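In numbering that gives the first Met the number 0, the protein residues as written are 0 to 368.
Even for Gly, the Cβ is constructed at its ideal location relative to N, Cα and C.
Please read these numbers as outputs of a predicted model, since none were measured by experiment.
See structure below.
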Amino acid sequence: MEKKTILKDLLIRVNPYYKGHSTISKFGTLVCLVFCLLLSYLGQSQTYTKAQLLEAYLKPNLHPNFYILAAHRGYWKDVGIPENSKKAYDKAGLYNYDMVEIDIMKSSDGIVFCFHDWILDRLTNGEGIVKKDYNTTLVTYEAIKNFTLKDRYENVVDGEHIPTLEEILTLLRDKYPNILISLDKVNTCFQEAYNVAKKVNVLDRVFIKGTYNSGTPFIKTPNDLKNQFTSQEAKDWAVGHYTPILFSNNIPTDFKSDLDLWISSGVASFEIVYKTDSDPLLQPRTDLGNINTVEYVKSKNKRAGMFVEWPDNCNGTWNSPQSVYKIPDFPNDRRNDWDWVLPKGTNYIIADRVEKLMDLLQAIGKRTY
């Protein structure tokens, strides 16, 4: 049988006469597409309050047909909008996205700033190394703050410098009081990021991510997370605002015990990284009751997040440790195949093209609050 895409399934449901051949079916398809675009426009212009988004994110069972969408590095597909910039997060706010994800790192003089790469070359008009590994930043913020950012087309964008986390959080606080905020690549600056969010008064809608079983540091349990902080108030805040990232490699023998401990401790959500049908995290496990990790997490009223990777530009996706572009390795990595990802059960999606994904989810009924 011919494999149907999600969109084709949608067309068949809305227009039963759709066969892809006759004039009538083509007209019906056109009507359906216009209808879907209208739905997506209405969904995109819908504004949800912070309280509504927090409830949907933290209590997914109450909103099973409302998938949370996070703008990865903001909105940066257009000319003149660099990733992780004030313009990128301003544009994401204008689109009424549910959440924005911000890459952060701490400079050698203790300033938390927003930047993805380990070198300056791809994203700025400067050159040189920013980080030598996951945990070691080599530069002061003073040394890099005046470099000008580039957009994805390699245009230098006047007026856009490498922003501090405080600048971006202040922008979101002042202009977009509802949007949720996810901090990624926190690594060595958990306490410092908390301090900035507290200073800007956005702690209630800030969430942080860390790796469970890959990269450094491993944060295997809630106590491991709390040990990343120095103040007791930050330790008390942390677990309820945390997203462990689960990878397929190095799955420990006490995996279920760890999952249950995170869940019972009130973790916010999980991000689950899988790339193919044979991925271990997509396989039923006897210790999980013969369901897979995605299904198990959702059965416990937690979001199962997924980053649907999209090429940064025509060169592919940037690999920071190797400082090279990589071409998506299809079919060995299917994360940018939305027809494949969505049926796997993810209900919290981090994406570079949120505006397109929002159109699709609205059309298939997965943006219904």
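| Item | Value |
| --- | --- |
| Within 8 Å, strictly: CB atoms of G364 and V293 | no |
| C-alpha distance - Q190 paired with Q227, whole-angstrom precision | 7 Å |
| Simplified DSSP assignment, three categories, for F254 | helix |
| 7 Å Cβ shell around H240 - same chain, five flanking residues per side excluded | V205, F206, I207 and A267 |
| Start-to-end residues for the alpha helix (DSSP H) that takes in S298 | T292 to S298 |
| Within-8 Å CB hit, D278 to chain D | Looking for chain D here will not work: only one protein chain is present. |
| Alpha-carbon spacing of R366 relative to P243, whole angstroms | 24 Å |
| Backbone secondary structure at D157 - three-state DSSP | strand |
| Assigned secondary structure, D183 (DSSP; H/G/I helix, E/B strand, else coil) | strand |
| Under the three-state DSSP convention, the category Y324 falls into | strand |
| P243 - partner residues in DSSP beta bridges | G209 |
| C-alpha gap between L356 and E308, whole angstroms | 12 Å |
| Rounded straight-line distance, which links the Cα of T210 to that of Q282 | 21 Å |
| Classification of Y376 by the beta-carbon crowding that lies within 10 angstroms, buried from 16 upward | In the structure as shown, the chain begins at 0 and stops at 368. Residue 376 is therefore absent and cannot be evaluated. |
| Neighbour-count burial assignment, D358, 16 or more Cβ in a 10 Å radius | buried |
| Extent of the continuous beta strand (DSSP E) to which R366 belongs | Where R366 is concerned, there is no enclosing beta strand (DSSP E), given that its DSSP letter is neither H nor E. |
| For V111, the nearest candidate out of D259, T229, L164 and P216 (CA to CA) | L164 |
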